[in-house]
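Protein chains in written order, with numbering that gives the first Met the number 0: chain A, 0 to 249; chain B, 0 to 249.
Right, one structure below, let's go through it.
There are 2 protein chains.
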Amino acid sequence: MTGWVRIVGLGPGAQDMVTAQVQDALAQASDVIGYIPYVARVAPRAGLTLHPSDNRVELDRARHALALAAQGRQVVVVSSGDPGVFAMASAVFEALEAGPESWLALDIEVQPGITAMLAAAARAGAPLGHDFCAINLSDNLKPWSLIEKRLRLAVEADFAMAFYNPRSRSRPEGFVRTLEILQQACNDERPVIFARAVSTPDEDIQVVPLPHATPEMADMRTVVIVGASNTRVIPRALGPIVYTPRSVLS
Amino acid sequence: MTGWVRIVGLGPGAQDMVTAQVQDALAQASDVIGYIPYVARVAPRAGLTLHPSDNRVELDRARHALALAAQGRQVVVVSSGDPGVFAMASAVFEALEAGPESWLALDIEVQPGITAMLAAAARAGAPLGHDFCAINLSDNLKPWSLIEKRLRLAVEADFAMAFYNPRSRSRPEGFVRTLEILQQACNDERPVIFARAVSTPDEDIQVVPLPHATPEMADMRTVVIVGASNTRVIPRALGPIVYTPRSVLS
Numbered sequence: 000m001t002g003w004v005r006i007v008g009l010g011p012g013a014q015d016m017v018t019a020q021v022q023d024a025l026a027q028a029s030d031v032i033g034y035i036p037y038v039a040r041v042a043p044r045a046g047l048t049l050h051p052s053d054n055r056v057e058l059d060r061a062r063h064a065l066a067l068a069a070q071g072r073q074v075v076v077v078s079s080g081d082p083g084v085f086a087m088a089s090a091v092f093e094a095l096e097a098g099p100e101s102w103l104a105l106d107i108e109v110q111p112g113i114t115a116m117l118a119a120a121a122r123a124g125a126p127l128g129h130d131f132c133a134i135n136l137s138d139n140l141k142p143w144s145l146i147e148k149r150l151r152l153a154v155e156a157d158f159a160m161a162f163y164n165p166r167s168r169s170r171p172e173g174f175v176r177t178l179e180i181l182q183q184a185c186n187d188e189r190p191v192i193f194a195r196a197v198s199t200p201d202e203d204i205q206v207v208p209l210p211h212a213t214p215e216m217a218d219m220r221t222v223v224i225v226g227a228s229n230t231r232v233i234p235r236a237l238g239p240i241v242y243t244p245r246s247v248l249s
Numbered sequence: 000m001t002g003w004v005r006i007v008g009l010g011p012g013a014q015d016m017v018t019a020q021v022q023d024a025l026a027q028a029s030d031v032i033g034y035i036p037y038v039a040r041v042a043p044r045a046g047l048t049l050h051p052s053d054n055r056v057e058l059d060r061a062r063h064a065l066a067l068a069a070q071g072r073q074v075v076v077v078s079s080g081d082p083g084v085f086a087m088a089s090a091v092f093e094a095l096e097a098g099p100e101s102w103l104a105l106d107i108e109v110q111p112g113i114t115a116m117l118a119a120a121a122r123a124g125a126p127l128g129h130d131f132c133a134i135n136l137s138d139n140l141k142p143w144s145l146i147e148k149r150l151r152l153a154v155e156a157d158f159a160m161a162f163y164n165p166r167s168r169s170r171p172e173g174f175v176r177t178l179e180i181l182q183q184a185c186n187d188e189r190p191v192i193f194a195r196a197v198s199t200p201d202e203d204i205q206v207v208p209l210p211h212a213t214p215e216m217a218d219m220r221t222v223v224i225v226g227a228s229n230t231r232v233i234p235r236a237l238g239p240i241v242y243t244p245r246s247v248l249s
């Protein structure tokens, strides 16, 4: 059989937010590769080999997927959310570019998923309803100075902002600094959404004005969304709705 | 029966990119409201009333949905892509905030979908694999000066960029100016992806270096993605792969 690689997104957690396209890829796979908690979301079955691996070995994982496909295996690389947003797709293409020329003939496809910021935004209302940016706050792979520069320019552009990987156990100081920069640069009461483990049993959504946001409101499973200057909050007995209007004229 | 509103995303076009959550909402609906081509994607059935409406009546549509739910109907508001990204969710919340207080007790939920930029990115590789922004280029609802400011700051921040609504028939000059600004401010050969009607029979993907991008490569059904300064192209016989590396140190 001809080998292939499908780099797929499992969405934020709930089974009913996985697309049929991705379910089909998993049903046809001989091998599933990914970070331990994401591979754990794939049901075992006869003929399917699961290859869970630890965090921070993305390039090894990517090479493994391409090598198996070159041997004729049907390989699905799983990410949570969307594979193209701070996830495995870039790692696979880095490995492809650095690998043997024969890999360039492999059948490779990326299959999108519901990325964390859009699942979080949906739970809160529509905070990303107008121009926005997405920033990975992890400084494993880029200097902190670049993160800080992007934060300041994003405020100046008046984008709503979504932050991935706000706070790792090993480097909590980055998010402390992020909030300080935003509180000083925005200097207003715009809403901040802390969305943890959206669509899972551990889901927790908090909405606070920016001056009340504190670092410990985020952990490794949280996506943080900060409104633009015109983002609004509708108070309700059922819980607040946060949305950014479509127009900046009104 | 108790009324409710589900504001859902139908994804970019292919049926297998609609989530099961959204399919369930459509199966339970008494009424479906939306722009004509999106409502046309919902199969008619007994007990379901379809309410297709023309473009640029988003607020009327939103009020209609809320009013029907207040009468006890089960209402699904459809958008293509994700409802929270330049789509109907913000319009519904604008109508909610301006409407009667009783609407605040309504059961309203946003259900995410695969937004156009992520479907387009998946087809091209992983151009949004690192920090990026999304900008609506329509100047119906904001002044052109703000769009231009955001473009310049996005280049300075070195975000990859996704552009929605690049070119309407009535105002083609905005996208002409956008490309001029980017070509001058970036002054490099970074890749630009023109992704038209992704996942439909009309799909067309073009990848060109920024200096070769021309306005007529986009129309109303196109999402345009412009790489960051470090975005790479892997040439292949099967077609180029565009990706942004995870690291900016390498």
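Built from N, CA and C at the ideal position, the CB exists for glycine as well.
With contacts defined as CB atoms closer than 8 Å, Val225 of chain A and Met160 of chain A qualify as a contacting pair. Minimum Cα-Cα distance from Tyr163 of chain B among the listed residues A:Ile180, A:Arg149 and A:Asp130 corresponds to A:Asp130. When secondary structure is reduced to three states using DSSP, Met160 of chain B falls in the strand class. Taken in chain order, the whole alpha helix (DSSP H) runs of length 4 or more contained in the stretch 127 to 211 of chain A are 143 to 156 and 172 to 185. For the options B:Gln20, B:Val56 and B:Asp15, the alpha carbon positioned closest to that of Asp15 of chain A is the one of B:Gln20. For a Cβ distance threshold of 8 Å, residue set Met16, Ile113, Leu117, Ala118, Ala120 and Ala121 of chain B lies close to Pro111 of chain A, ordered along the chain. In this chain, Leu9 of chain A is not harboured by any alpha helix (DSSP H), its DSSP state being neither H nor E. Contacts with chain A at 8 Å (Cβ-Cβ) do not include Glu147 of chain B. Here Ser246 of chain A is exposed. Its C-beta has fewer than 16 other C-beta atoms within 10 Å. The three-state secondary structure of Ile35 of chain A, taken from DSSP, is helix. Ala86 of chain A sits in coil when the DSSP states are folded into three classes, being neither helix nor strand. His50 of chain B is bridged by DSSP to B:Ile32.
If the five residues before and after Pro171 of chain B are omitted, its C-beta is found closer than 8 Å to the C-beta atoms of Pro214, all from its own chain and listed in chain order.
For Ser89 of chain B, a Cβ of chain A is located within less than 8 Å of the residue's own Cβ. For Glu108 of chain B, the closest alpha carbon among the candidates B:Ala125, B:Thr48 and B:Ser89 is that of B:Ser89. In the structure shown, the three-state DSSP call for Gln70 of chain B is coil. Within 10 angstroms of the beta-carbon of Gln110 of chain A lie 16 or more other beta-carbons, which makes it buried. Ranked by how close their Cα comes to the Cα of Tyr242 of chain B, the residues B:Gly80, B:Ala217, B:Ala123 and B:Ala13 have B:Ala123 in first place. In the DSSP annotation of this structure, the continuous segment of the beta strand (DSSP E) that includes Gln110 of chain B starts and ends at Asp106 to Gln110. A distance below 8 Å separates the beta carbons of Pro244 of chain A and Arg231 of chain A. Considering only beta carbons, the part of the stretch 125 to 136 of chain B lying closer than 9 Å to chain A consists of Ala125, Pro126, Leu127, Gly128, His129, Asp130, Phe131, Cys132, Ala133, Ile134 and Asn135, in chain order.
Residue environment analysis places Arg166 of chain A among the buried positions, since at least 16 neighbouring C-beta atoms fall within 10 angstroms of its C-beta.
For the stretch 230 to 249 of chain A, the beta-carbon criterion of a distance under 9 Å to any beta-carbon of chain B is satisfied by Arg231, Ile233, Pro234, Arg235, Ala236, Leu237, Ile240, Val241, Tyr242, Thr243, Pro244, Arg245, Ser246, Val247, Leu248 and Ser249. Val21 of chain B: not part of any beta strand (DSSP E); member of the alpha helix (DSSP H) spanning Ala19 to Gln27, first to last residue.
Check the Cα spacing between Leu178 of chain A and each of A:Met216, A:Glu155 and A:Ser198: the tightest is with A:Met216. About 4 Å separates the beta carbon of Cys132 of chain B from that of Cys132 of chain A, a gap short enough to meet the 8 Å contact definition. Cβ proximity to chain B below 7 Å picks out Asp81, Gly83 and Val84 from the stretch 72 to 87 of chain A. For Arg122 of chain A, the enclosing alpha helix (DSSP H) has its first and last residue at Ala115 to Ala123. Under the three-state reduction of DSSP output, Ser79 of chain A falls in the coil class, being neither helix nor strand.
Along the stretch 172 to 183 of chain A, none of the residues has a CB nearer than 9 Å to a CB of chain B. Among the bridge pairs identified by DSSP, Arg40 of chain B is matched with none. For chain B, the residues of the stretch 21 to 48 of chain A that bring a beta carbon within less than 8 Å of one of its beta carbons are Asp23, in chain order. Within the same chain, and ignoring the five residues on either side of Gly46 of chain A in sequence, the residues whose Cβ sits closer than 8 Å to its Cβ are Ser29.
About 13 Å separates the Cβ atoms of Gly83 of chain B and Leu9 of chain B, ruling out a contact at the 8 Å cut-off.
Val75 of chain A and Ala64 of chain A have their C-alpha atoms roughly 8 Å apart. Look at the beta carbons and you see the stretch 37 to 45 of chain A not touching the stretch 135 to 149 of chain A: under three pairs across the two are nearer than 8 Å.
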